[in-house]
Every structure is written in C-alpha cells, then in structure tokens.
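A.B. asks:
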Amino acid sequence: MKTFQADSNGFYGRFGGAFIPEILRPNIDALTEAYHRYIDDPEFKTEFDRLLRDYVGRPTPLYLAERLSKHYGAKIYLKREDLNHTGAHKINNAIGSALLAKRMGKKRIIAETGAGQHGVATATVCALMGLGCTIYMGATDIQRQRPNVERMKMLGAEIVAVESGSGTLTEAVDRALMDWCANPEETFYLIGSAVGPHPYPEIVSRFQSVISEEIRRQLLEKEGRELPDYVIACVGGGSNAAGAFYHFIDEPSVKLLVGEGGGKGSDSGQTAATLTIGREKVLHGSNTLVILDENGNVKEPYSISAGLDYPGVGPMHAAMADAGRTTPFAITDNEALQAAYRLTAMEGIIPAMESSHALAVLEHVRFKPDDIVVVNVSGRGDKDIETFLRAC
Numbered sequence: 036m037k038t039f040q041a042d043s044n045g046f047y048g049r050f051g052g053a054f055i056p057e058i059l060r061p062n063i064d065a066l067t068e069a070y071h072r073y074i075d076d077p078e079f080k081t082e083f084d085r086l087l088r089d090y091v092g093r094p095t096p097l098y099l100a101e102r103l104s105k106h107y108g109a110k111i112y113l114k115r116e117d118l119n120h121t122g123a124h125k126i127n128n129a130i131g132s133a134l135l136a137k138r139m140g141k142k143r144i145i146a147e148t149g150a151g152q153h154g155v156a157t158a159t160v161c162a163l164m165g166l167g168c169t170i171y172m173g174a175t176d177i178q179r180q181r182p183n184v185e186r187m188k189m190l191g192a193e194i195v196a197v198e199s200g201s202g203t204l205t206e207a208v209d210r211a212l213m214d215w216c217a218n219p220e221e222t223f224y225l226i227g228s229a230v231g232p233h234p235y236p237e238i239v240s241r242f243q244s245v246i247s248e249e250i251r252r253q254l255l256e257k258e259g260r261e262l263p264d265y266v267i268a269c270v271g272g273g274s275n276a277a278g279a280f281y282h283f284i285d286e287p288s289v290k291l292l293v294g295e296g297g298g299k300g301s302d303s304g305q306t307a308a309t310l311t312i313g314r315e316k317v318l319h320g321s322n323t324l325v326i327l328d329e330n331g332n333v334k335e336p337y338s339i340s341a342g343l344d345y346p347g348v349g350p351m352h353a354a355m356a357d358a359g360r361t362t363p364f365a366i367t368d369n370e371a372l373q374a375a376y377r378l379t380a381m382e383g384i385i386p387a388m389e390s391s392h393a394l395a396v397l398e399h400v401r402f403k404p405d406d407i408v409v410v411n412v413s414g415r416g417d418k419d420i421e422t423f424l425r426a427c
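See the structure below:
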C-alpha cells in the first residue's frame, strides 16, 4: 500500500525533492539532520506536547454540528482548529519549528504569509521564545488582511511589504527565499505550509499531524470507531490538509476530499485550483503541480482567500491527487462565501475564508445517513470580516 511519505531524498513518487541554490545546501542539510535528531527525541516531544496543551489549548474540540448534519443528511463533525491560540492550525507547526530553530542555535526567524495566520503564529512563537522575527507579506494581502498585520506588529515582528508581481503569497515566498540566501547562517526560514524543498513538506506535515491524531482518538470516544467515512480540508499549499489527512492516508475506507481556491472558476483564468488544472514544474524548491500559462511559465493565481492564493501545492498533495487518493473540488468564491454564511447561520461559527472552501465541498457530495464526515475548520473568520462584508 502506498504511504505517500517522503523517501530519503524528499520525493513523494516523482513529486518533491530539494531544488535549491548551492548556498542553501548547508542550511538544508543542517535542518534535515536536526529534524531527524529531534523529532522522536523524548525531551523535544515533551516540550512540544506541553506547549500544544498549555499554550495552544490542544486538543481542539471535535464538534458534532447538529443543524449542519440535518441539512446534509449525515453526521458532520467539525475539527475546531479555529479555537487554537492565534485562531488557526498554523501555531502547531510554528511551535515545533521554532523549537528546532532554538536547538540549532538560530536567533532570527523569517517567514512568509498570505492570509496572515502563519505570520501571526510565527510572530507569536518568536515573542514566546525571544527570537527575532521578520515576516514577508504581499502588499495586496497586507491590505485585505489588515487585522493580522496589526497583530504581527504588536507581537514585535518586522513586516516587509512585497510590492512585486500580484503582491500575494507567491512573491512573499520569493522574497523570504532571497533573504535566506543572503543570510544563510544566522537565519531560520519557518515555512508555513507543506511546500518548498525537502525536508519542509515532511516537517510541516509531521507537526500538523496532531490534528488527525486527535480526530482518531476523539471519534473513538464519540462514535466507538476511529475512522470516519470522509475527511474534508482546504488546500492552498496544504498544511492543514496534510495534518487532517496524515493518520488516514493509509486507511482506504476513508475518503479524503479537498476544497481548493477555484476563484471565478477553474477554466476562467482567474483561479488557484492547482490540483484541478496544474501541471508538473519545479516551484519554490520542489517538483510539484503548478498553474502555468500557455508558455509554461508560472501563472498568477487568483482566489478570494489570501491563504489559497498560491499557484502551486505541496508535493505530498500533488502525489496523492495524481494517484487518486484525494479528490479535489475547485470551489468558487461564491460557493465559499455561501458556505461561510451557512455555517454562521446554522452553528454560530464564523469560519476563515480558507476553511469556507472546505465547508463548500459538502454541497458537492451525496452522503448516506450513517456517514461520518469530518471537516477541518482550519481557522476563524475574524480576519476576513471585511471580505465577507464587501461580498454582501
């Protein structure tokens, strides 16, 4: 059975790898060595688990959404990552990666952010651990995610606005990589999604796997079984989905469904639906699926969601979609907005714009009454209130 785990060279089948400038090779090698040294170290694991419990507030609830369940004719559970400290799943990986950075002797952390949730999580752990923090964020995203920008500043982070290109996540990643190339020895690059050169996709997936680990345990308590029939998550780069799927990948009875940023439609030219229309190409250090133009160049993506507005996807997700292990749905902006308002009206929970794409997948599936469905609500919608209001 395929496990969709990275091999020793960081490949998930033909996807993945580490396509990087030679100046970064020592950094990548050092990170790989530190990760393998500490990931199963009892002292490291104890500190990581303690911070997730006492600082982040884990485990997050697995909530049976009764009105939503009645609406869809199945048992719909929501994995409440929106209730984490900082309001999203991003804090899980940020804490684990910052603990690695400290053990490697790094004093400065850089990160990219789109929706701002990873930036907030990174700024938070840097404040907690006394580390310098620089966040790269596209100028467009700064405007549409202003609350998160102000939170990062309050936490002591330096915010660098990236004006080039579309001023979104792609350009923020480019600038962060440039910084890392210029300052390879003193800087730790804390990537927020399951993208980039090996070992980053593996690291992020492992730290986020606490999500599916908890789901299995919580379902056993609530339903007397560990395995749901469906797990649904949104994918931009793919960190929350990597975590929600991780402990179900080798369980073929569990269907894994993906809601990605369809924008104005996957065939409209204004989309971020990489798994639906992407082609194979190296992007930001790994071979993966990428949205390309007719000349084979990376095409500017579009999504109403800043966190899904990325032209690629993590290599693990590319491999799973290519093999048919996951089923992607290109969710349009309007579908995501409708899903957000539906959850708010029925359950009193305002989801992040990203999570709304996962919730919208419910509209595309015909469930049986005894189906157990888990939707990963990866973040809360406070940061997207202006987007919701403008769309009214």
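To convert a position in the sequence shown, counted from 1, into the working numbering, add 35. Just so it is clear, CB atoms sit at the ideal spot from N, CA and C, and this is done for glycine as well.
1. Within 10 Å of its beta-carbon, does A53 have 16 or more other beta-carbons around it, so buried, or fewer, so exposed?
2. Since I believe H153 is in contact with A162 (beta carbons under 8 Å), could you give me their beta-carbon distance rounded to a whole number of angstroms?
3. I think L324 touches C269, with their Cβ atoms under 8 Å apart; what is that distance to the nearest whole Å?
4. Leaving out the 5 sequence neighbours to the left and right, which residues in its chain are closer than 6 Å to N501 when beta-carbon positions are compared?
5. Tell me the DSSP secondary structure of P336 in three-state form.
6. From the DSSP output, in three-state form, read off K403 for me.
7. If you run the structure through DSSP and keep just helix, strand and coil, what is T205?
8. With a 10 Å radius around its C-beta and 16 neighbouring C-beta atoms as the bar for buried, classify L255 as buried or exposed.
9. Between the Cα of S303 and those of A69, D328, P386, spot the shortest distance and give me the residue it belongs to.
10. So which of N44, T311, S413, R425 has the shortest CA-CA distance to V245?
11. Quick check on DSSP: helix, strand or coil for K257?
12. What does a CB cutoff of less than 8 Å around A277 pick up in its chain, not counting 5 residues either side in sequence?
13. With DSSP collapsed to three states, give me the class of E329.
14. Can you tell me which of the three DSSP states P56 falls into?
15. In the DSSP assignment, the alpha helix (DSSP H) including L378 goes from what residue to what residue?
16. Identify, in the order they occur along the chain, each residue of the same chain with its Cβ nearer than 7 Å to the Cβ of R115, setting aside the five sequence neighbours on each side.
17. Rounding to the nearest angstrom, what Cα-Cα distance links D117 and I250 in this structure?
18. Considering only the alpha carbon of each residue, which of D89, R143, Y112 lies closest to N127?
19. With D264 and V289 assumed to form a contact (beta carbons below 8 Å), what rounded beta-carbon distance in angstroms separates them?
20. Measure the alpha-carbon distance for R401 versus G48 and round it to whole angstroms.
21. Beta-carbon within less than 7 Å of N332's beta-carbon, same chain only, minus the 5 sequence neighbours each way: which residues are those?
22. Look at R93 and T222 and say whether their C-beta atoms are less than 8 Å apart.
23. If I measure Cβ to Cβ from P287 and keep anything under 6 Å in the same chain, skipping five residues before and after, which residues do I get?
24. Using 8 Å as the threshold, is the segment 297 to 313 in touch with the segment 358 to 365, meaning 3 or more CB pairs across them?
25. Below 8 Å between beta carbons: does that hold for G320 and I55?
26. Would you mind reading off the limits of the beta strand (DSSP E) that contains T222?
27. In three-state terms, what does DSSP make of E286?
28. Can you tell me whether K114 is helix, strand or coil according to DSSP?
29. For G383, count neighbouring C-beta atoms within 10 Å of its own C-beta (all shown protein chains included) and say buried if the count is 16 or more, exposed if not.
30. Suppose you measure from the CA of A156 to the CA of A129; what does that come to, to the nearest Å?
31. Could you pull the DSSP bridge partners for C161 from this structure?
32. Can you list, in chain order, the residues of its chain with a C-beta nearer than 6 Å to that of H399? Leave out the 5 residues immediately preceding and following it.
33. In the DSSP assignment, find the unbroken alpha helix (DSSP H) run with E101 in it and report its ends.
34. Candidates L59, A393, I420, C427: which alpha carbon is nearest C216's?
35. Contact check, M139 vs A211 under 8 Å by CB: the rounded distance?
36. Where does M213 sit, in a helix, a strand or coil, going by DSSP?
C.D. replies: In short:
1. By the beta-carbon neighbour count (other beta carbons within 10 angstroms, threshold 16), A53 is buried.
2. Taking a contact as a CB-CB distance under 8 Å, the pair A162 and H153 does not count as one, their CB atoms being some 15 Å apart.
3. Not really, about 16 Å apart at Cβ, beyond 8 Å.
4. Outside the modelled stretch of the chain, which goes from 36 to 427, sits residue 501, for which no answer is possible.
5. In the displayed model, P336 falls within coil according to three-state DSSP, outside both helix and strand.
6. DSSP, read as helix, strand or coil, puts K403 in coil.
7. It is helical.
8. By the neighbour-count rule (16 or more Cβ atoms within 10 Å), L255 is not buried but exposed.
9. When each option's Cα is compared against that of S303, the closest is D328.
10. Of the candidates N44, T311, S413, R425, the one whose C-alpha sits nearest the C-alpha of V245 is S413.
11. K257: helix per DSSP, three-state reduction.
12. The residues are A229, P236, V239, S240, Q243, S244, G349, M351, H352.
13. Taken through DSSP and simplified to helix, strand or coil, E329 comes out as coil.
14. Assignment of P56 by DSSP, reduced to helix, strand and coil, places it in the coil class.
15. According to the DSSP assignment, L378 belongs to the alpha helix (DSSP H) that extends over 368 to 382.
16. Once the five neighbours on either side are set aside, the close Cβ partners of R115 are T95, P96, Y98, V412.
17. D117 and I250 have their alpha carbons spaced roughly 15 Å apart.
18. Here the closest residue by C-alpha is D89.
19. Your pair D264 and V289 checks out as a contact, with CB atoms roughly 7 Å apart and the cut at 8 Å.
20. Those two C-alpha atoms are separated by around 32 Å.
21. No residues qualify anywhere along the chain.
22. The criterion of a C-beta distance shorter than 8 Å is not satisfied by R93 and T222.
23. Cβ neighbours of P287 beyond the five flanking positions: none.
24. Contact holds: three or more Cβ-Cβ distances are below 8 Å.
25. Going by C-beta atoms, G320 is nearer than 8 Å to I55.
26. Annotation for T222: the continuous beta strand (DSSP E) segment containing it runs 222 to 224.
27. Three-state DSSP puts E286 in coil, outside helix and strand.
28. K114: strand per DSSP, three-state reduction.
29. Label assigned to G383: exposed.
30. If you draw a straight line from the Cα of A156 to the Cα of A129, it comes to about 6 Å.
31. Answer is none; C161 lacks a bridge partner.
32. Cβ within range, chain order: F364.
33. In the DSSP assignment, E101 falls within the unbroken alpha helix (DSSP H) covering 101 to 107.
34. If we check each option's Cα against that of C216, L59 comes out closest.
35. In fact, because the Cβ distance is near 18 Å, the residues do not count as touching under 8 Å.
36. Secondary structure at M213: helix, using DSSP grouped into helix, strand and coil.
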